[in-house]
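All remarks here apply to the structure that follows.
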Amino acid sequence: MLVAVGDTHKRLRNVAISLVSITKSKPEFLNDIERIAVQILNSWKDKQQVMFCEEARKFSFNVIIKQVLGLTSEEPETGKILEDFLAFMRGLVSIPLYIPGTPYARAVQARSRISSRVKAIIEERRSRNGRSCGVRNDFLEILLSVDTLSEDEKVSFVLDSLLGGYETTSLLMAMVVHLLGQSPAASEQLKLEHEQIRSSKERDEFLNWEDYKKMGFTQNVINEALRYGNIVKFVHRKALKDVKFRDHLIPSGWKVLPVFTAVHLDSSVHADALQFHPWRWEVINSINLKILDV
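Numbering-wise (the numbering used here), the sequence shown opens with residue 6 and increments by one.
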């Protein structure tokens, strides 16, 4: 999906949106996220220091692998996939020359092993469903029921889900922690919002989708971290026909790299653009609501 274009990309994107829409508000999905977060926090108890970015990567991977393949962090298969996945990630930024022993060659081999494991998990799930062992109705179950995707596309979809969520999600979480450390006021307001929501629940009761929807300031912090941190700095696009943009003509066939940073840090778009200020989104959100009401 990350490199698909045209109708193929549109079809895969529609499947992705549908899958996320179906699973994101499921209690099982939210409970898994909370359970994994608590598990990682508990692992810090006897540590004097933690590398938060690495812990965020661990959290992201465990959440994705649980949702996409139904695997927990304790299962041996998870460790094998993580090892190959890290080798694959290192090869993404290497020189694309297939020479045995190079990061690129190891990445190609790692991707092949991950694909084989994903196919085996898919076949095992199909076999279990055929034996009427109960349907989980999770992300993988829904993906298997999509008739518009071929077998290879489903495997590729799983790999893209791992790749697309692993690095960006962990970087965003690390950026949020870093920025909150420099903004005591934002950190305090975020803490109060969470404590207020938590106080309405029983001690061991999980948060539900309605609880998350009440986290308005939390969403503002996320939006501001995305703007200020520029996790994804640009995207690759190709003009399929001549495009006129303001006073410029982009000829058909030209490659275009829209740079988000240029907009995110533009003082004519965002006042005090070089400052981390989550409260700006309260104004932006209120303007958007007024536009919707018109």
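Idealized CB from N, CA, C, for every residue including glycine.
Since this is a predicted model, take the numbers as computed values, not measurements.
Cβ-based neighbour list, residue i, same chain, cut-off 7 angstroms, excluding 5 preceding and 5 following
i	result
L148	L24, K159 and F162
L102	Y109
I289	none
V151	V20
R133	none
V299	At V299, the pLDDT of 43 sits below 50, so the modelled position is not reliable and the matter cannot be decided from this model.
R16	T153
A179	F57, C58 and A61
K124	V160
Proximity of residue i and residue j at Cβ, strictly below 8 angstroms
i	j	result
E229	F281	yes
H269	N235	yes
V20	T107	no
L177	L231	yes
V68	I41	yes
F144	T223	no
K260	K243	yes
W49	V43	no
S65	G170	yes
Closest residue to residue i among the options (Cα-Cα distance)
i	options	result
L76	W49, A21, Y217 and R130	R130
L245	S257, D252 and R251	S257
K218	L35, I289 and T13	L35
S99	S205, S166 and V113	V113
S188	K206, E88, G84 and P283	P283
D157	F144, E200, D143 and S120	S120
K63	D51, F90, K50 and R122	F90
E172	K260, C58, D12 and E82	C58
V181	L168, L195 and G170	L195
K31	S117, E215 and A179	E215
L168	K124, R95, E128 and Q201	R95
E39	H241, D209, A179 and L164	D209
Environment of residue i [buried if 16+ CB atoms lie within 10 Å]
i	result
N225	buried
W286	buried
I296	With a pLDDT of only 45 at I296, under the threshold of 50, the placement of this residue in the model should not be trusted; the figure read from the coordinates follows. Flag for I296 reads exposed.
R203	exposed
F93	buried
G84	exposed
L97	exposed
I86	buried
L262	exposed
S155	exposed
A276	exposed
L279	exposed
S117	exposed
S205	exposed
A190	exposed
S26	exposed
R18	exposed
Test: residue i CB closer than 8 angstroms to a CB of chain C
i	result
H183	Protein chains in the displayed structure number just one, and chain C is not present.
Any non-hydrogen atom of the ligand MG closer than 7 angstroms to residue i Cβ
i	result
Q194	Absent from the structure shown: the ligand MG. Ligands present: none.
Expected contact under 8 angstroms - CB spacing of residue i and residue j to nearest Å
i	j	result
S192	A61	About 17 angstroms; that fails the 8 angstroms criterion.
F211	V237	Contact flag wrong, Cβ pair sits at about 31 angstroms.
R122	E88	So it is not a contact: roughly 11 angstroms between Cβ atoms.
Own chain, CB closer than 8 angstroms to residue i, minus 5 neighbours either side, in chain order
i	result
D247	L254, I255, P256 and S257
K104	Going by the sequence as given, residue 104 is Ile instead of Lys. For I104, where only same-chain residues beyond five positions count, the Cβ hits under 8 angstroms are A110.
F239	L262, P263, V264, F265 and T266
Q53	none
M220	E198, H199 and I202
Beta-carbon contacts of residue i that lie in its chain and below 6 angstroms, excluding the five residues immediately before and after
i	result
D37	K71
I126	L74
A115	D89, A92 and F93
E128	none
S272	A278
D51	none
Y233	F281
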